[in-house]
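Chains as they are written, first to last, in the numbering used here: chain A, 1 to 585; chain B, 586 to 1175. Worksheet: one structure, shown below.
Right under this line is the structure:
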């Protein structure tokens, strides 16, 4: 029940809705005591032959009025209580989203998307249930249960009440016990289902291999095993799930049995009328729900507590990259000086970057080459403060980059990442991502500079083509070029192309690079590349190896020495010839 | 998505869907019959309880007569019936659930096997995400449907019928009046169904939009941050969240108007009716109070099943849509090309002839135009050309991933279409550009379901492609676990495992789709050696990116826009003074 305390802030925030809802809920409980009372009274009147049409009419009218009132009240408390609980869901979802936007790359690298999604869906759902159904069951079982028991004890017979209620605690106990068992087995079933999901995912991704080896039947057999496991785990769930109704039936049945046997005795002793016995049994029927609910309550609350705990842990995580106090809020323009002594990834022992010293005057182009894993991406990402440099810094327009606000720094830097990520929106929206107010002409210009305009107009819907799962599937090269167009539209002070020409062919690459040179002749550009043709025209080229600078110079300088750069360049020249096939003939 | 697959997005109509769902249930009719019998027994026992109490009140309590034996019998009967009802109900509920789960199991296997049997042309065009959700999520929804229908609906309907039977037994006239409740409740259900389907569809649509947005934002947060669009994205997210909230609130209001509160209202109205009936009757003649008691008691029980059914209605509707989509996919006809004719020709040498082969994926634009070439047993053919030149299409046709429409391909003098699948898959080994690893271990990735391969065979294959050294350095060696997609291995290592997997089969013909850019992996040297080993003594077709592969080829094809622009042996191409000659000169210089 501690979760109700943890959610106190919300109950206080929504106190008017909650108190009104609870008040109405309690009144409904109170009002629902009336019908059984009427039943008992009518029975007694009939039994004693004292019923008159007038009495009957009056009571029936009262019952009808009650039905209407209760209907309205029930509708209102639902809006109050359930309405509040889904507002909480809305609020938590917004909070989580906002929190995500403040986190650095590290946060997303150390957490799985699936888990973060689970917090925003299942966990929020469980908290919402606590604030809605949880509050309802707590209030309802306490008020209705309390009122009914008091009525039974006071207006009919407290001895009979005690006897009839003897089996009831068993029910709450059983329900809550089954609930925990069910929860555990249900997790097992969920896990089996997610394995099945993984299996299908793998089968679909590996379909080419399966077909190559003619293993379709074997794969179906493997799927059958996973699927059988799902069935088994779900039957385990069903075994517990099917216990609920019979158990409740047994306990309720024994309560009825006790009340009728003991009640019969009391009727014979003339301490009870048959009418009273009848109403007593109707009241007894009304207790089933609160008892049941009380058992459920433990489960709802238990799940809610765990879920809310997880959500709070996430929300309490401090972003590890934040603006310093009094940070400069004007976007920097000017020379850049990389002065990184050591940079470590997370808790790595070995530095990812070491002794990097590069001067990059404003307006120049810097090319960075090196093997996979040599630190190219890491180096350029330090400039956007993706992670904090432990020893050393980068000076931008004379100030260390940490002295600027993130907003100012990033508005000066445009970054095209390796893994071209596009949003499920139109191509135009994707290109205008950084400047949603950009005109169509600007969007088309950016696309033309990125040599993707012709590709886009070839689609039926042109710039309005939706990309992503539900829309058109783009090739890797098209995605890369759209990502470049997106960065170009922002026209940043510094543009970083992080191996973002890898999937375009040599001719297109040349076109884009030529466009960049004219478009950005007075602006700083940093290009990292696997294919050296992308950086050979740079004013300065740096070759990284194991996070250190191995070679540095211009293209012609590096080509004069027996350098790695030269070996690589020559080899790639040959291979590009093969790539181009007959084109150059 | 292409036109041919667009209809797969719309579900089959409800009637047809329902018929086929029932078809699945048919095979389980024995279990269903037993479950139904138990359900009837359990329900009957449960409903006799109030009648026993009525007998006690009317026959013994009211006249104050208490014969001990009869009362003990009555009490015992009550207890036995209750225990029996509990037992029968437990078993029948379990049975219904089991049958539902088994039905879903067969549905799942059917749809999975169906998808596996589809041609690669299908997988190349249809988004994988959609397929996965058909096989798992949609069938999971259908499970809800069976559980709702077989569990909740049938059980509650039987219970309701039982209540009416009991009422008719007690007082036919009053029971007849109570029948009025049925159209009233069905009307309420129809009303609810009509509105709720609209509201729930909107709510679930908004929810999936919300989750899609969230998922995408988490994955693309780096992009959002670098372009400083956090505030805009948050604003947009909040707007969708608000829409979802409004839709949810509407359905809460609808539930409030038409679900429990409405059913409760009807229940009080029914109570008024019963009390008036007995009251009015009592003015003229004596009434049995026990019957009144039983009626009130039944009425109490009557409305819980009604509530249950109504709450399940929206699930039911969602599930019908899912089932419709699953069946739509199951009906899709786009099979892998198979064997034509009978007989089982065998590939012994590995001579390959392409004769005037033309091919088009979409029926409009030819990606291969009149391609003809011959490779003899044991030769290596290198195909070069840029992306889109038709290189991969040659592989797609040779492996019979796509149907051959124009021209002919012969292997050992026999038309490709006359081989059965098993022979083709065993004798032609394909190494893909992007080596895909399955979750499991190294050994299972090399063996790939082929239980005939011993551990020694697996190791021999690994040694053959020089993968043994890195594998033996792993903890556990060949039993070293491979995670999802094998991301813990480098590209080169994955490539070597894929080689071993192919060589374990010792294919007659080797088809290589070389990876473009793995130049600086540490395994590069091993890969070179492996490739040389693999080509020895077998016909090889390589989409070549490596100079060494091309240098060692017996024949080279240069492809351009679906045509062979240059073709020949090393000598003829040198003499031709074309691209190959140019490359050869450069090579020597290097």
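All C-beta atoms in this analysis are idealised placements derived from N, C-alpha and C, irrespective of residue type, glycine included. Small disclaimer: the values here were computed from a predicted structure and weren't measured.
Measuring only the C-alpha atoms, how far is residue i from residue j?
i: residue 380 of chain A; j: residue 94 of chain A; result: 32 Å
i: residue 813 of chain B; j: residue 434 of chain A; result: 7 Å
i: residue 999 of chain B; j: residue 1152 of chain B; result: 24 Å
i: residue 486 of chain A; j: residue 540 of chain A; result: 25 Å
i: residue 956 of chain B; j: residue 515 of chain A; result: 38 Å
i: residue 664 of chain B; j: residue 671 of chain B; result: 11 Å
i: residue 1053 of chain B; j: residue 1018 of chain B; result: 21 Å
i: residue 605 of chain B; j: residue 612 of chain B; result: 12 Å
i: residue 453 of chain A; j: residue 507 of chain A; result: 15 Å
i: residue 1057 of chain B; j: residue 1112 of chain B; result: 17 Å
i: residue 351 of chain A; j: residue 402 of chain A; result: 20 Å
i: residue 366 of chain A; j: residue 535 of chain A; result: 8 Å
i: residue 289 of chain A; j: residue 909 of chain B; result: 37 Å
i: residue 618 of chain B; j: residue 675 of chain B; result: 16 Å
i: residue 640 of chain B; j: residue 875 of chain B; result: 7 Å
i: residue 751 of chain B; j: residue 271 of chain A; result: 31 Å
i: residue 125 of chain A; j: residue 795 of chain B; result: 14 Å
i: residue 111 of chain A; j: residue 855 of chain B; result: 57 Å
i: residue 182 of chain A; j: residue 947 of chain B; result: 52 Å
i: residue 76 of chain A; j: residue 899 of chain B; result: 23 Å
i: residue 427 of chain A; j: residue 489 of chain A; result: 13 Å
Using DSSP with H/G/I as helix, E/B as strand and the rest coil, what is residue i?
i: residue 398 of chain A; result: coil
i: residue 387 of chain A; result: coil
i: residue 850 of chain B; result: helix
i: residue 318 of chain A; result: coil
i: residue 765 of chain B; result: coil
i: residue 193 of chain A; result: helix
i: residue 893 of chain B; result: helix
i: residue 1017 of chain B; result: coil
i: residue 1105 of chain B; result: Its pLDDT being 49, under 50, residue 1105 of chain B is placed unreliably by the model, and the measurement read from it follows with that caveat. Residue 1105 of chain B: coil per DSSP, three-state reduction.
i: residue 667 of chain B; result: helix
i: residue 1 of chain A; result: coil
i: residue 651 of chain B; result: coil
i: residue 920 of chain B; result: strand
i: residue 434 of chain A; result: coil
Which same chain residues end up closer than 6 Å to residue i when comparing Cβ atoms and leaving out the 5 residues on each side of it in sequence?
i: residue 788 of chain B; result: 832, 833, 836
i: residue 377 of chain A; result: 498
i: residue 34 of chain A; result: 66
Please return the same chain residues whose Cβ sits closer than 7 Å to the Cβ of residue i, not counting the five positions on each side in sequence.
i: residue 1106 of chain B; result: Residue placement at residue 1106 of chain B is flagged as unreliable, the pLDDT there being 49, under the threshold of 50; the coordinate-derived value follows with that caveat. Result list for residue 1106 of chain B: 1075, 1076, 1077, in chain order.
i: residue 890 of chain B; result: 741, 744, 745
What residues in its chain sit with their C-beta under 8 Å from that of residue i, if we drop five residues either side in the sequence?
i: residue 1059 of chain B; result: 1027, 1065
**Item:** Contact the segment 793 to 809 of chain B vs the segment 101 to 121 of chain A: 3+ CB pairs below 8 Å
**Value:** Contact between the segment 793 to 809 of chain B and the segment 101 to 121 of chain A is present: three or more C-beta pairs spanning the two stretches fall below 8 Å.
**Segment contact, 8 Å Cβ cut-off, at least three pairs: the segment 187 to 200 of chain A with the segment 307 to 320 of chain A** = Touching, no.
**Prompt:** Below 8 Å, can you find three or more Cβ-Cβ pairs linking the segment 138 to 158 of chain A to the segment 231 to 245 of chain A?
**Reply:** In the pairwise beta carbon analysis, the segment 138 to 158 of chain A is classified as not touching the segment 231 to 245 of chain A: fewer than three pairs are separated by under 8 Å.
**Prompt:** Per the contact definition of three or more C-beta pairs closer than 8 Å, is the segment 347 to 363 of chain A in contact with the segment 296 to 309 of chain A?
**Reply:** Contact fails: fewer than three Cβ-Cβ distances are below 8 Å.
**Prompt:** Going along the chain, which residues of the segment 841 to 854 of chain B sit with their C-beta nearer than 8 Å to a C-beta in chain A?
**Reply:** Only those residues of the segment 841 to 854 of chain B whose C-beta falls short of 8 Å from the nearest C-beta of chain A are listed: 841, 842, 845, 846, 847, 849, 850, 853, 854.
**Message:** If contact is defined by three or more beta carbon pairs under 8 Å, each pair taking one atom from either stretch, is the segment 1081 to 1088 of chain B in contact with the segment 1036 to 1050 of chain B?
**Reply:** Segments in contact, yes.
**Prompt:** Pairing CB atoms from the segment 412 to 426 of chain A with CB atoms from the segment 478 to 495 of chain A, are three or more of them under 8 Å?
**Reply:** Yes: at least three Cβ pairs fall under 8 Å.
**Message:** Tell me whether the segment 130 to 137 of chain A and the segment 81 to 91 of chain A touch, counting them as touching only if at least three CB pairs, one residue from each stretch, are closer than 8 Å.
**Reply:** With a cut-off of 8 Å, the segment 81 to 91 of chain A and the segment 130 to 137 of chain A count as touching, because enough Cβ pairs lie within range.
**Prompt:** Between the segment 116 to 132 of chain A and the segment 164 to 173 of chain A, do three or more beta carbon pairs fall short of 8 Å?
**Reply:** In the pairwise beta carbon analysis, the segment 116 to 132 of chain A is classified as not touching the segment 164 to 173 of chain A: fewer than three pairs are separated by under 8 Å.
**Item:** the segment 635 to 652 of chain B / the segment 878 to 889 of chain B touching (three or more Cβ pairs under 8 Å)
**Value:** Touching, yes.
**Asked** Should the segment 707 to 715 of chain B be called in touch with the segment 246 to 258 of chain A, which here means at least 3 C-beta pairs below 8 Å?
**Response** With the cut-off at 8 Å, the segment 707 to 715 of chain B and the segment 246 to 258 of chain A do not touch.
**Message:** Within 8 Å, do at least three Cβ pairs link the segment 153 to 167 of chain A to the segment 258 to 267 of chain A?
**Reply:** Inter-segment contact for the segment 258 to 267 of chain A and the segment 153 to 167 of chain A is present: three or more beta-carbon pairs are separated by less than 8 Å.
**Within 8 Å of chain B by C-beta, residues of the segment 363 to 396 of chain A in sequence order** = Against chain B - using a Cβ distance shorter than 8 Å - the residues of the segment 363 to 396 of chain A are 371, 372, 384, 386.
**Asked** Between the segment 186 to 212 of chain A and chain B, which residues of the former have CB atoms less than 8 Å from a CB of the latter, in chain order?
**Response** Residues 193, 196, 197, 198, 200, 201, 202, 203, 204, 205, 206, 207, 208, 209, 210, 211, 212.
**Asked** When you check each C-beta in the segment 257 to 268 of chain A against every C-beta of chain B, which residues fall closer than 8 Å?
**Response** Flagged, chain order: 257, 260, 261, 264, 267, 268.
**Prompt:** When the Cβ atoms of the segment 852 to 872 of chain B are set against those of the segment 38 to 48 of chain A, are three or more pairs found closer than 8 Å?
**Reply:** Taking a cut-off of 8 Å for Cβ pairs, the segment 852 to 872 of chain B and the segment 38 to 48 of chain A touch, as three or more such pairs fall below it.
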